[in-house]
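Inspection log for the structure reproduced underneath, given as structure tokens.
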Amino acid sequence: MFSELRPAKSIRLVFLFLTFVLLLTCAYSQQTMPAYPRIVGYFSVYHPIETLSNRNFTGNFGNAYTVSFPFGMHILKSDHFGVSFEISPCIRTEHNISKVSSVAFNPGALFRFTRGYTLVSRLAFESSGRFGFTPALIKIIKRGKDCNLFTAVALPARFGNNQAPSLSSGLQLGLTF
Numbered sequence: 001m002f003s004e005l006r007p008a009k010s011i012r013l014v015f016l017f018l019t020f021v022l023l024l025t026c027a028y029s030q031q032t033m034p035a036y037p038r039i040v041g042y043f044s045v046y047h048p049i050e051t052l053s054n055r056n057f058t059g060n061f062g063n064a065y066t067v068s069f070p071f072g073m074h075i076l077k078s079d080h081f082g083v084s085f086e087i088s089p090c091i092r093t094e095h096n097i098s099k100v101s102s103v104a105f106n107p108g109a110l111f112r113f114t115r116g117y118t119l120v121s122r123l124a125f126e127s128s129g130r131f132g133f134t135p136a137l138i139k140i141i142k143r144g145k146d147c148n149l150f151t152a153v154a155l156p157a158r159f160g161n162n163q164a165p166s167l168s169s170g171l172q173l174g175l176t177f
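Structure below.
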């Protein structure tokens, strides 16, 4: 078949074939898109440990037990900064009755450091009428292919709703994906 083609047509076909191969090679050798911005979701369990209010310390494992299930997303802008949006329903058990005592919306900023540490400074708006802020120090403790295991220490401060200001401490364990 190629022997029947004239030399000019053969050269054009070879030129077109080489151009096509070159374009394909260039298309696949282009640099990949930057990794940022990137969205990371997470789900966790948060256990308050101790709360200071009215100059009294109250433990979480006494007359009542509280646990919350924060979930949300981080929008990572770079290796060092991001924005976080979290929703955290809180369940309180007291006198053998369990109920959702509040739901908190916690937007904030992420400051990422080396070795898997992140400082999160969040505002807090609770459905119970309380508001405040929640700084937390997060540490990735196990990296996986599709998800990471993390732990965090949080220090929520709350005000408003005709209640005394409170400062709590708590531990969080969760997965990012």
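Residue numbering for the sequence shown follows this note's numbering, beginning at 1 and increasing consecutively.
Quick reminder that beta carbons are idealized off the backbone N, C-alpha and C, glycines included.
When C-alpha distances from S84 are compared across S168, F43, V67, the shortest belongs to F43.
Within its own chain, the residues whose Cβ lies closer than 8 Å to the Cβ of P107, once the five positions on either side in sequence are excluded, are V83, S84, F85, E86, R122, L123, listed in chain order. In summary, V100 is exposed, with fewer than 16 beta-carbon neighbours lying within 10 Å of its beta-carbon over all protein chains present. Counting only residues of its own chain and dropping the five nearest sequence neighbours on each side, L173 has a CB closer than 7 Å to the CB of S44, V45, T151. If you look at N96, you'll find it isn't in any beta strand (DSSP E); DSSP assigns it neither H nor E. Collapsing the DSSP output to three states places R38 in a strand. Collapsing the DSSP output to three states places R158 in a strand. Per DSSP, the beta bridge partners of H74 are V40, S84.
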